[in-house]
Every structure is written in structure tokens, then in C-alpha cells.
Amino acid sequence: MEVINIKGTEHTPRVVFDHNSNKFEIRGDSRPENARQFYEPLIKWLDDYNKYIYWIKEQGHAVNSIDFIFNLEYFNSTSAKFLLDIFLQLKEFNKESDLFKVKWHYDEMDTDMKESGEEFELMVEMKFEYIINS
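Under numbering that gives the first Met the number 0, think of the first position of the sequence shown as 0, with each following residue one higher.
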């Protein structure tokens, strides 16, 4: 599997999906001109990764839990739909084991961003850990 490492821009978040180092992160602003074009390859990659993990487990190998870090400063409503798709995908992965741990980072004064994480958490019925950026 290829590692995804997308440099963030003014309109798109930095994305790292690295199965070798177990680093999974979406960070920055998310307001791409075409959110579908930006997020669909990420969702496809996660689906392929789930198949890979399933294969590893079938071979009798242990799989360590993975911290999936979301550290967003801003996201628009279109991005929210695709973020929800990612959370639903992570929930599906976690049905057999708690592979992914969602860590939702936010600035202490940004209560809206914390509340956004709490709303996602309620929608997908998956426990998030909330971390104040230092």
C-alpha cells in the first residue's frame, strides 16, 4: 500500500495516512473547491487499508491500535459530510476490534470546534478523545 502524504494548502488539510508508522492525521483547514475529489481517494484508501488489516489478522498477526488525529482549524459543510463518511468508516473498522482511536484536537478558545467533534461523536456513536492544543 502506498502512503498518503498530502501537503496542506490554504484550502485543504494536510493528510498523512502511513500504515508503516501508524500515523493517521488530518490537520488544518478543509474547504476544498471540490471536496468529493479531495476526500474520495482518502475514503478509498481507508477501505483498502481495512481489507489489508483483515488479511493481516487472518494470517494470525496482531494489529496495534492506531491513533487517528483530527486537528482541524476550520471545515466547511461539504467537508463535514466527507469527514462524517470517514468517521462512519472508522466505526465500521472498529466493529471487530477497537483498532482506531479518534483524537480530536482543538484550540482551548475554539468551543465551536470542540462541539463539532462532540456532534460527530454522537452521530457515529464512537468514543472520541478531546485534546486541547498547546
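The C-beta atom is built at its ideal place from N, Cα and C for all residues, glycine as well. Note that this is a predicted model, so its numbers are computed, not measured.
Inset, instruction - Taking only the alpha-carbon atoms, compute the straight-line gap between Glu95 and Tyr48 and give it to the nearest angstrom. - result: Your numbering for residue 95 matches position 96 in the sequence shown. Your numbering for residue 48 matches position 49 in the sequence shown. Near 15 Å, if we compare the C-alpha coordinates of Tyr48 and Glu95.
Legend entry - Local conformation of Leu98 per DSSP, three classes: Mapped onto the sequence shown, residue 98 falls at position 99. Correct three-state label for Leu98: coil.
Legend entry - Cα-Cα separation, Ile42 to Lys100: As a working mapping, residue 42 is identified with position 43 in the sequence shown. As a working mapping, residue 100 is identified with position 101 in the sequence shown. If you draw a straight line from the Cα of Ile42 to the Cα of Lys100, it is about 17 Å long.
Inset, instruction - Pick helix, strand or coil for Glu124, following the three-state DSSP scheme. - result: As a position in the sequence shown, residue 124 is number 125, starting the count at 1. Coil.
Legend entry - Cut-off 6 Å between Cβ atoms - residues of its own chain near Val15, not counting five sequence neighbours on either side: Residue mapping note: residue 15 aligns to position 16 of the sequence shown, counting from 1. Closer than 6 Å at Cβ, skipping near neighbours: Asn4, Lys22 and Glu24.
Legend entry - Proximal residues to Asp106 (C-beta, below 6 Å), its chain only, five neighbours per side dropped: Against the sequence shown, residue 106 aligns to sequence position 107. Closer than 6 Å at Cβ, skipping near neighbours: Asn132.
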